[in-house]
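**Q** Residue numbers (the working numbering): 1442 to 1523. Where a beta carbon is used, it is the ideal one built from N, C-alpha and C, also for glycine. Values in this document were obtained by computation on a predicted structure and should not be read as measured data.
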């Protein structure tokens, strides 16, 4: 069963992912409008891929934290640690 804390973490990660993707698109579009031709497109691709790497890092950090939490509560019910 998924508890409320995990649900809030998933919601926070989803909101963060949407914000980062929108920010990447806006940042990339503004840079591409200031540059001309294929240079603008390469800046868009670079900025979006950079922000995607940041998201992967944040998700990996969250997974590691949840795994450590699961190891700490192994054998006990959630919320009733020994």
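Return helix, strand or coil for residue 1444, following the three-state DSSP convention.
**A** Three-state DSSP puts residue 1444 in coil, outside helix and strand.
**Q** Just how far apart, CA to CA, sit residue 1501 and residue 1470?
**A** Roughly 28 Å between the two C-alpha positions.
**Q** For residue 1515, which three-state DSSP category applies?
**A** In this structure, residue 1515 counts as coil in the three-state DSSP scheme.
**Q** Quick one: measure Cβ to Cβ for residue 1495 and residue 1448, integer angstroms, because I've assumed they're closer than 8 Å.
**A** That belief does not hold up - the Cβ atoms of residue 1495 and residue 1448 are roughly 23 Å apart, past 8 Å.
**Q** Below 8 Å on the Cβ atoms is my contact criterion, and I expect residue 1450 with residue 1503 to pass it. Report the Cβ-Cβ distance as a whole number of Å.
**A** Indeed, because the Cβ distance is near 7 Å, the residues count as touching under 8 Å.
**Q** Once the 5 residues before and after residue 1492 are set aside, which same chain residues still bring their CB inside 6 Å of it?
**A** Only 1461 and 1465 meet the Cβ criterion.
**Q** Return the CA-CA distance between residue 1505 and residue 1497, expressed in angstroms with no decimal places.
**A** Their backbone Cα atoms lie some 12 Å apart in a straight line.
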